[in-house]
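Numbering (our numbering) for the sequence shown: 373 to 542.
Positions of the beta carbon are idealized from the N, C-alpha and C atoms, including for glycine.
Just so it is clear, the structure is predicted and the values come from calculations on it, not from any experiment.
Okay, structure first, notes after.
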Amino acid sequence: MSSSGAQLHNVFVYGSFQDPDVTSVMLERTPESISATLPGFERNRLKGRLYPCIVPSEEGEVQGKVLMGLAEEELQNLDSVQGNEYERVTVAVMREDNSEKMPVKTYIWINKNDPDIDGEWDFKEWKRLHKKKFIETFKEIMEWKKDPQGKGRDTFSHVLREDQVNAQSS
Numbered sequence: 373m374s375s376s377g378a379q380l381h382n383v384f385v386y387g388s389f390q391d392p393d394v395t396s397v398m399l400e401r402t403p404e405s406i407s408a409t410l411p412g413f414e415r416n417r418l419k420g421r422l423y424p425c426i427v428p429s430e431e432g433e434v435q436g437k438v439l440m441g442l443a444e445e446e447l448q449n450l451d452s453v454q455g456n457e458y459e460r461v462t463v464a465v466m467r468e469d470n471s472e473k474m475p476v477k478t479y480i481w482i483n484k485n486d487p488d489i490d491g492e493w494d495f496k497e498w499k500r501l502h503k504k505k506f507i508e509t510f511k512e513i514m515e516w517k518k519d520p521q522g523k524g525r526d527t528f529s530h531v532l533r534e535d536q537v538n539a540q541s542s
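Put into structure tokens, the structure is as follows:
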């Protein structure tokens with residue numbers, strides 16, 4: 373039985389959180405997910421970073437997944453990883469299974485004119501090159517959340533930058 377009065381959230385994800393292995397680390401479970409499209413936005417790479425952002429774009433369309441039925445604590449886990457460069461907003465996505473519109477939460481890049489926005493982000497490339505490091509880092513972040521000991525999110529953000537990964541693989 374679910375606890376009465378607990379609000380559940382549906383969240384559109386378009387980057388690393390589309391991968392069930394990453395999501396299971398962040399949420400300590402793998403929620404049901406459905407494929408969906410977010411119209412009016414585009415997904416971009418960010419120079420020097422391993423994760424994407426979305427920004428408004430009249431002609432744009434972003435493919436992703438909707439994580440279904442997240443509890444408030446799970447939503448807060450996502451908030452803590454997204455940090456202060458993203459804003460959580462409510463948008464309407466189009467479900468791919470039945471073409472119905474669905475209100476969901478998602479994270480948009482606050483600085484839509486950021487000079488670091490740099491072309492399309494590629495999920496398959498991310499999986500091949502960076503998934504393993506992401507999972508290791510997110511495991512550390514979740515441990516830190518349980519016992520912060522003076523560390524902050526910035527302690528881990530350097531790991532999610534391309535220059536660090538390139539230096540480690542040389």
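Query                                                                                           : Result
Assigned secondary structure, E472 (DSSP; H/G/I helix, E/B strand, else coil)                   : coil
P487 in three-state terms, based on DSSP                                                        : coil
Identity of the residue in L422, R415, L442 and A408 nearest H381 by Cα                         : L442
When Q448, P392, P428 and M514 are compared against N416, the one with the closest alpha-carbon : P428
Contact the segment 401–413 vs the segment 429–441: 3+ CB pairs below 8 Å                       : yes
Beta-bridge partners of K504, as assigned by DSSP                                               : Answer by DSSP bridge pairing: none, since K504 is not bridged.
Inter-residue CB distance, D490 and L422 (contact presumed, cutoff 8 Å)                         : The Cβ separation is near 12 Å, so there is no contact.
Residue range of the unbroken beta strand (DSSP E) whose run includes P390                      : In the sequence as presented, Pro is not what sits at residue 390; that position holds Gln. Here Q390 belongs to no beta strand (DSSP E), and DSSP marks it neither H nor E.
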